[in-house]
Amino acid sequence: QGEREAIEEARNAKEIDDYAKRQVGLAPKATKRKLEDDRDSEKQKKQVRLLEDKSESKPGSVEPLKANDDDAKEGSVQRSFWLPSKAPEAKKIVADASDRTVQCQSSSSPHPLKIKDLIAVVFRTLDNGEKLCPSCDKAFTNSSKIDVLKRCGHALCHRCVVNFVEPASACFVCQKKMASKDVIRLDSDGTGFSGGGGQMVATRYDSALQA
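For the sequence shown, my numbering gives the first residue as 2, with consecutive numbering after it.
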């Protein structure tokens, strides 16, 4: 009994001496590493004992953790989109019945087109391919305002239609009778300017700060 107490006292003294050396930085590196490993292992043992105590007191407390781990693994598999079994299924959507009539998209409001309503436009064309107004001999450009007469198809500039066709109620080229409703304006493709060939959208901004 006395020998055991002496050994215990010597061990305690050695631990106190090692602790004192460790505090002042005199302990060898191997001793420091061993002490740190022992301390980490002791913490792990305490955590294991704590979990075991909780599991004994509440039998269903550890199982949800495992279930969550399984769910996480399953979720990672579901994100693997290249697996055919995990690929998302396409939902069935009933598509709207499409309109099978041919629509004109050039005008501001699309309208149906019919072959019987089409008009062959007759231009006065030079040998080099340039198109002119048959009345004033002015060349047509993408900025010109061109009117087409519905009954004969002749294309004239808008100024000549106003000055000659509408007052006479007849085509300037073939002299066929015309009415105001028979004049069709051709839409232009436009120019480099914002309002050269079609509609302009203007937005007004009021200054918030005024001097």
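All C-beta atoms, glycine included, are put in the ideal place defined by N, C-alpha and C.
- When DSSP states are grouped into helix, strand and coil, Val166 belongs to the helix group.
- Taking 8 Å as the cut-off, the beta carbon of Asp138 is found no closer than this to the beta carbon of Arg186.
- In the DSSP assignment, Cys137 falls outside any beta strand (DSSP E) and carries neither an H nor an E.
- Looking at the DSSP output, Val184 bridges to Leu150.
- Within its own chain, no residue has a Cβ closer than 7 Å to the Cβ of Ala7 once the five positions on either side in sequence are excluded.
- In the DSSP assignment, the residues bridged to Arg125 are Leu133.
- Following the DSSP letters along the chain, one finds Leu157 inside the beta strand (DSSP E) bounded by residues 156 to 158.
- Here Cys105 carries a strand assignment [DSSP, helix/strand/coil].
- Taking 8 Å as the cut-off, the beta carbon of Val184 is found closer than this to the beta carbon of Leu150.
- By the neighbour-count criterion, in which a residue is buried when 16 or more other Cβ atoms sit within 10 angstroms of its Cβ, Leu157 is buried.
- The beta carbon of Val103 is closer than 6 Å to those of Leu114 in its chain, skipping five residues each way along the sequence.
- The Cβ atoms of Gly154 and Ile116 lie no closer than 8 Å to each other.
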